[in-house]
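Engineer: Handing you this structure, nothing more for now.
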Amino acid sequence: MALITLRRNLCHLSDFRMHGALAALRSQPVNHVHKVAKRRLCPRSCPLHPGPSEFRFHHACCKEFHSENGNDLRPVGEPPFSDRDSFEQNLENMDERVFYRSLSSFTSSEEVLSFLSTLRTLPDTLAAGALQRICEVERKADAHRPPREILENRVFQALCVQFEQEPSHLSNAGLVTALHALTLLYVDPQSSLLLNLLAECQRRLRRGGLEVHSLCVLGETLIKLQGPESATLDLILYQLQGEKLENFAPEDVVALYRVLQACSEKADQHQAFLNRINNFSLSLAPNLSPKSISQVLTALVALDQTQALPLVIKLGKYVVRHIPRFTSEELGRVLEAFTYFGHHDRFFTTALEQRVASLCLTLDPEAVSRVMEYCSKKQVLSRPILDAVAETFVCQAEKFSPSQVSKLIEPFGKLNYLPPNASALFRKLEDVLFAHFDSFPPKTLLKLLHSCSLIERHPVNFMAKIFSPYFLQRLQGEESSLDRLSLAQLTQLLLTSLLECPFYKGPKLHPKYQVKSFLTPCCSLETPVDFQLYKSVMVGLMDLLGARLYFASKVLTPYCYTIDVEIKLDGEGFVLPLTADEDVHRRIALCIDGPKRFCLNSKHLLGKEATKQRHLCLLGYQVVQIPYYEIETLTRLELVEYLQRKLFSQNAGVCW
Numbered sequence: 001m002a003l004i005t006l007r008r009n010l011c012h013l014s015d016f017r018m019h020g021a022l023a024a025l026r027s028q029p030v031n032h033v034h035k036v037a038k039r040r041l042c043p044r045s046c047p048l049h050p051g052p053s054e055f056r057f058h059h060a061c062c063k064e065f066h067s068e069n070g071n072d073l074r075p076v077g078e079p080p081f082s083d084r085d086s087f088e089q090n091l092e093n094m095d096e097r098v099f100y101r102s103l104s105s106f107t108s109s110e111e112v113l114s115f116l117s118t119l120r121t122l123p124d125t126l127a128a129g130a131l132q133r134i135c136e137v138e139r140k141a142d143a144h145r146p147p148r149e150i151l152e153n154r155v156f157q158a159l160c161v162q163f164e165q166e167p168s169h170l171s172n173a174g175l176v177t178a179l180h181a182l183t184l185l186y187v188d189p190q191s192s193l194l195l196n197l198l199a200e201c202q203r204r205l206r207r208g209g210l211e212v213h214s215l216c217v218l219g220e221t222l223i224k225l226q227g228p229e230s231a232t233l234d235l236i237l238y239q240l241q242g243e244k245l246e247n248f249a250p251e252d253v254v255a256l257y258r259v260l261q262a263c264s265e266k267a268d269q270h271q272a273f274l275n276r277i278n279n280f281s282l283s284l285a286p287n288l289s290p291k292s293i294s295q296v297l298t299a300l301v302a303l304d305q306t307q308a309l310p311l312v313i314k315l316g317k318y319v320v321r322h323i324p325r326f327t328s329e330e331l332g333r334v335l336e337a338f339t340y341f342g343h344h345d346r347f348f349t350t351a352l353e354q355r356v357a358s359l360c361l362t363l364d365p366e367a368v369s370r371v372m373e374y375c376s377k378k379q380v381l382s383r384p385i386l387d388a389v390a391e392t393f394v395c396q397a398e399k400f401s402p403s404q405v406s407k408l409i410e411p412f413g414k415l416n417y418l419p420p421n422a423s424a425l426f427r428k429l430e431d432v433l434f435a436h437f438d439s440f441p442p443k444t445l446l447k448l449l450h451s452c453s454l455i456e457r458h459p460v461n462f463m464a465k466i467f468s469p470y471f472l473q474r475l476q477g478e479e480s481s482l483d484r485l486s487l488a489q490l491t492q493l494l495l496t497s498l499l500e501c502p503f504y505k506g507p508k509l510h511p512k513y514q515v516k517s518f519l520t521p522c523c524s525l526e527t528p529v530d531f532q533l534y535k536s537v538m539v540g541l542m543d544l545l546g547a548r549l550y551f552a553s554k555v556l557t558p559y560c561y562t563i564d565v566e567i568k569l570d571g572e573g574f575v576l577p578l579t580a581d582e583d584v585h586r587r588i589a590l591c592i593d594g595p596k597r598f599c600l601n602s603k604h605l606l607g608k609e610a611t612k613q614r615h616l617c618l619l620g621y622q623v624v625q626i627p628y629y630e631i632e633t634l635t636r637l638e639l640v641e642y643l644q645r646k647l648f649s650q651n652a653g654v655c656w
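According to UniProt numbering, the sequence shown is numbered sequentially starting from 1.
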């Protein structure tokens, strides 16, 4: 393990100076020294132009540690070196855990560098770890490049110079960690510092001298420096495939997932390797941190690992335990993955309810949007979550972007749920729409307004705008015609205005934009009838009515809705044949509602199904609901008796 010397006697090391360097430096002013050092560590955004002055950087750093007249040339505000304080230690004998515990307690780069300035020597792995910690605190501060104070700090410069001059003396861990940290600090990839470190890494890689952890770290670094097309990256993946997975630590497996995620376009080439990793990761799930779990799930989504569902389920069990520890960003990634893989767990929902209900006002807007998107796509009617989100929107509506507003409101319509503060919620929504109507993308706006209508919060004040030719043109964009779902939503809004808002006297939707049926394979506003349930009811109806000719099935009405079963009655309550068109006094619409027409694991109808039944009633049909949970355990005889009660409870003397 190489030792890096940080104290003021650094410039006396024979391997850290060039002949005549001090004499050359004595002729340079101090501000020139800082200028050269700064250019040597130029961030990526500032292209490096190599010149003769660059070679003086090594000795400029020495100049900072040892001035000719003994005066301290440290930058203003930096603590002087002191030989008397207790932090002056030799890290050769220092416990690494103590060192890293000290690093993790620092919250700024200045604290890290000040701590390092108290040390005489430092093993290269710990020096690289210090660079890594500087990188972490800068990234937490959302810094996209190292601040000037860091570039000009003499300790930081000393670390960089020695890494640059002695890469062959570094351990594998110190080498790859330093390269990784400096890359994340946006040091110019064309600087001699990074080029030297990278060249040494490539030399050891070709020699096969890097262990698993170093290969994983180097792989992530190369993605940032050269992109996923790097030929060296292919060599790393090839070497990793030859390693036994038992040699991989949990953090190495997570890093490997991140590397493969960056190369997702090559996933097919590495699928056999991915299968091995997915199977091996099942045993690692208990040892993964919340951050690692979210990263693995994100990689599985990017790599489209639908065959890794056992791993998703296993990780899901530990997600429940870690819910309170996830950051908003990590929680959003977990929800995205669960939505992608169709995973649902009632224990997860319970834990999520507790997290959202207690912290919703402090959650990141994107995380709140992810929570609602999860509830919507999985059709999870979670009243605690929906109530908390409704309260958050009323209090903090300005925090949410147009797309986030849409993701927040749409689930209320889809899940057919009005929160306790519904009046305040939709007043706030109306205020937002009035203020930012043109900021909403047309399709997003249409979905939002359509969702409101599903729970009888009809967007009357905006119907004239969405039926206007201008909005329809924006909605169509550059396409040759409007998509089927948009046309269906517009048509249902028109039907809603006619049936439920008779006072609306504004523009109507032009007939050319109206659909004939809401039931289509790709984008339906109705849920197709459950086939097995449908067959069971058909048998019961034939037993009850005596023949198949007394009822029609899957009937498309003039109002775009498809009725599962229609029965016609005359004025005296007699059942008419399905072909009869005259003397029809009453029509019964049977809604055979399977599980997919309800919210998940509940008896609560989805918004689109509740709207359909509400509209059929307004159109004059006698709607009879046949929910699956009432008939799935009935015998054939019991089913006939059930249908008799449902259909003719008020017409005991009906004949056919």
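Virtual Cβ for every residue (Gly too), placed ideally from N, Cα, C. None of these values were measured; they are calculated from a predicted model.
Please name the residue in Glu149, Ala173, Glu566, Ala178 whose C-alpha comes closest to that of Gln162.
Structural biologist: Looking up residue 162 in the sequence shown gives position 162. When only C-alpha atoms are compared, the closest one is Ala178.
Engineer: Please state whether DSSP places Lys317 in a helix, a strand or coil.
Structural biologist: Within the sequence shown, the letter at position 317 stands for residue 317. Lys317 falls in the helix class under three-state DSSP.
Engineer: Can you find at least 3 beta carbon pairs, one from the stretch 111-121 and one from the stretch 147-155, that sit closer than 8 Å?
Structural biologist: Segments in contact, yes.
Engineer: Out of Phe412, His458, Phe471, which has the shortest C-alpha to C-alpha gap to Phe437?
Structural biologist: Here the question's residue 437 lines up with position 437 in the sequence shown. For the residues Phe412, His458, Phe471, the minimum Cα distance to Phe437 belongs to Phe471.
Engineer: Taking only three categories from DSSP, how would you classify Lys646?
Structural biologist: Counted from its first residue, the sequence shown places residue 646 at position 646. Helix, per DSSP.
Engineer: Tell me the DSSP secondary structure of Lys508 in three-state form.
Structural biologist: Your numbering for residue 508 matches position 508 in the sequence shown. The answer is coil: DSSP assigns Lys508 none of H, G, I, E or B.
Engineer: Under DSSP, the alpha helix (DSSP H) around Ile277 begins and ends at which residues?
Structural biologist: Residue mapping note: residue 277 aligns to position 277 of the sequence shown, counting from 1. Element bounds for Ile277: 271-281.
Engineer: Please state whether the Cβ-Cβ distance between Leu331 and Ala285 is less than 9 Å.
Structural biologist: Looking up residue 331 in the sequence shown gives position 331. Looking up residue 285 in the sequence shown gives position 285. No, the Cβ-Cβ distance between Leu331 and Ala285 is not below 9 Å.
Engineer: Would you mind sorting Arg97 into buried or exposed? The rule is 16 or more other CB atoms within 10 Å of its CB.
Structural biologist: Position 97 of the sequence shown holds residue 97. Answer is exposed; the Cβ neighbour count stays below 16.
Engineer: Examine the Cβ distances between the stretch 391-408 and the stretch 357-368 and report whether three or more of them are shorter than 8 Å.
Structural biologist: yes
Engineer: Measure the alpha-carbon distance for Cys617 versus Gln625 and round it to whole angstroms.
Structural biologist: Within the sequence shown, the letter at position 617 stands for residue 617. Within the sequence shown, the letter at position 625 stands for residue 625. When rounded, the distance between both Cα atoms is 12 Å.
Engineer: Are the beta-carbon atoms belonging to Tyr257 and Ile236 less than 9 Å from one another?
Structural biologist: Walking along the sequence shown from the start, residue 257 turns up at place 257. Walking along the sequence shown from the start, residue 236 turns up at place 236. For the 9 Å CB-CB criterion, Tyr257 and Ile236 do not form a contact.
Engineer: Which class does Phe248 belong to by DSSP, given the choice of helix, strand or coil?
Structural biologist: Translated into positions along the sequence shown, residue 248 becomes position 248. Reduced to three states, the DSSP call for Phe248 is coil.
Engineer: Between Phe347 and Val334, is the Cβ-Cβ spacing less than 9 Å?
Structural biologist: The count along the sequence shown starts at 1 and reaches residue 347 at position 347. The count along the sequence shown starts at 1 and reaches residue 334 at position 334. Taking 9 Å as the Cβ cut-off, Phe347 and Val334 do not qualify as a contacting pair.
Engineer: Under the assumption that Ala181 contacts Leu131 (Cβ atoms under 8 Å), give the Cβ distance between them as a whole number of angstroms.
Structural biologist: In the sequence shown, residue 181 corresponds to position 181, counting from 1. In the sequence shown, residue 131 corresponds to position 131, counting from 1. The pair is a contact, with the Cβ atoms about 4 Å apart (cut-off 8 Å).
Engineer: Exposed or buried, which one is Asn416 when buried takes at least 16 other CB atoms within 10 Å?
Structural biologist: Here residue 416 corresponds to residue number 416 of the sequence shown, with the count starting at 1. Answer is buried; the Cβ neighbour count reaches 16.
Engineer: State buried or exposed for residue 714, treating a residue as buried only when at least 16 other CB atoms are found within 10 Å of its CB.
Structural biologist: A question about residue 714 goes unanswered here, because the residues of the chain that appear run from 1 up to 656.
Engineer: How many Å lie between Lys603 and Leu429 at the Cα?
Structural biologist: On the sequence shown, position 603 is the one that residue 603 refers to. On the sequence shown, position 429 is the one that residue 429 refers to. Taking the straight line joining both Cα atoms gives about 28 Å.
Engineer: Can you tell me whether Ser109 is buried or exposed? The criterion is at least 16 other CB atoms within 10 Å of its CB, across all chains shown.
Structural biologist: Numbered from its first residue, the sequence shown carries residue 109 at position 109. Buried: at least 16 other Cβ atoms inside 10 Å.
Engineer: Would you call the stretch 507-527 and the stretch 573-587 touching, i.e. three or more CB-CB distances under 8 Å?
Structural biologist: The stretch 507-527 is not in contact with the stretch 573-587.
Engineer: Under 6 Å Cβ to Cβ from Lys443, same chain only, skipping five residues before and after it: list those, please.
Structural biologist: Translated into positions along the sequence shown, residue 443 becomes position 443. So the list is empty, once near-sequence residues are dropped.
Engineer: Rounded C-beta distance between Val515 and Thr496? I'm assuming under 8 Å.
Structural biologist: Mapped onto the sequence shown, residue 515 falls at position 515. Mapped onto the sequence shown, residue 496 falls at position 496. Going by Cβ atoms, the distance from Val515 to Thr496 rounds to 14 Å, so no, they are not a contact pair.
Engineer: Would you kindly work out how many angstroms separate the C-alpha atoms of Glu220 and Asp593, rounded to a whole number?
Structural biologist: On the sequence shown, position 220 is the one that residue 220 refers to. On the sequence shown, position 593 is the one that residue 593 refers to. About 51 Å.
Engineer: Curious, which full-length alpha helix (DSSP H) runs of at least 4 residues does the stretch 344-370 contain?
Structural biologist: 346-359
Engineer: Give a yes or no on whether the C-beta atoms belonging to Leu210 and Gln239 are separated by under 9 Å.
Structural biologist: Against the sequence shown, residue 210 aligns to sequence position 210. Against the sequence shown, residue 239 aligns to sequence position 239. Yes, Cβ-Cβ distance for Leu210 and Gln239 is below 9 Å.
Engineer: Which class does Leu284 belong to by DSSP, given the choice of helix, strand or coil?
Structural biologist: In the sequence shown, the residue the question calls residue 284 occupies position 284. If DSSP states are grouped into helix, strand and coil, Leu284 belongs with coil.
Engineer: Start and end of the alpha helix (DSSP H) containing Ser294?
Structural biologist: For the purposes of this step, residue 294 is identified with residue 294 of the sequence shown, where counting begins at 1. That run of the alpha helix (DSSP H) goes 290-302.
Engineer: Keeping to the same chain, check which residues put their C-beta closer than 6 Å to that of Val320; ignore five residues upstream and five downstream.
Structural biologist: The residue you call residue 320 lines up with position 320 of the sequence shown. Result list for Val320: Phe347, Phe348, Ala351, in chain order.
Engineer: Given this structure, state the Cα-to-Cα distance separating Arg26 from Thr298, to the nearest angstrom.
Structural biologist: For the purposes of this step, residue 26 is taken as residue 26 along the sequence shown, with counting starting at 1. For the purposes of this step, residue 298 is taken as residue 298 along the sequence shown, with counting starting at 1. Confidence at Arg26 is low in this model, with a pLDDT of 31, below 50, so the placement of that residue is unreliable and no value is reported for it.
Engineer: Round the Cβ separation of Lys378 and His344 to the nearest angstrom and send it over; I've been treating them as touching at under 8 Å.
Structural biologist: Position 378 of the sequence shown holds residue 378. Position 344 of the sequence shown holds residue 344. Correct: roughly 5 Å between the Cβ atoms.
Engineer: If distances are taken between C-alpha atoms only, which option among Thr183, Met372, Leu606 comes closest to Lys414?
Structural biologist: In the sequence shown, the residue the question calls residue 414 occupies position 414. Nearest C-alpha to Lys414: Leu606.
Engineer: Just to check my reading of the structure: Val432 and Ala388 have Cβ atoms closer than 8 Å, yes? What is that Cβ distance to the nearest angstrom?
Structural biologist: Residue mapping note: residue 432 aligns to position 432 of the sequence shown, counting from 1. Residue mapping note: residue 388 aligns to position 388 of the sequence shown, counting from 1. Actually they are not in contact, since the Cβ atoms of Val432 and Ala388 sit about 19 Å apart, beyond 8 Å.
Engineer: Would you mind stating whether Leu475 and Leu446 have Cβ atoms separated by less than 9 Å?
Structural biologist: The residue you call residue 475 lines up with position 475 of the sequence shown. The residue you call residue 446 lines up with position 446 of the sequence shown. Yes, these two residues count as a Cβ contact at 9 Å.
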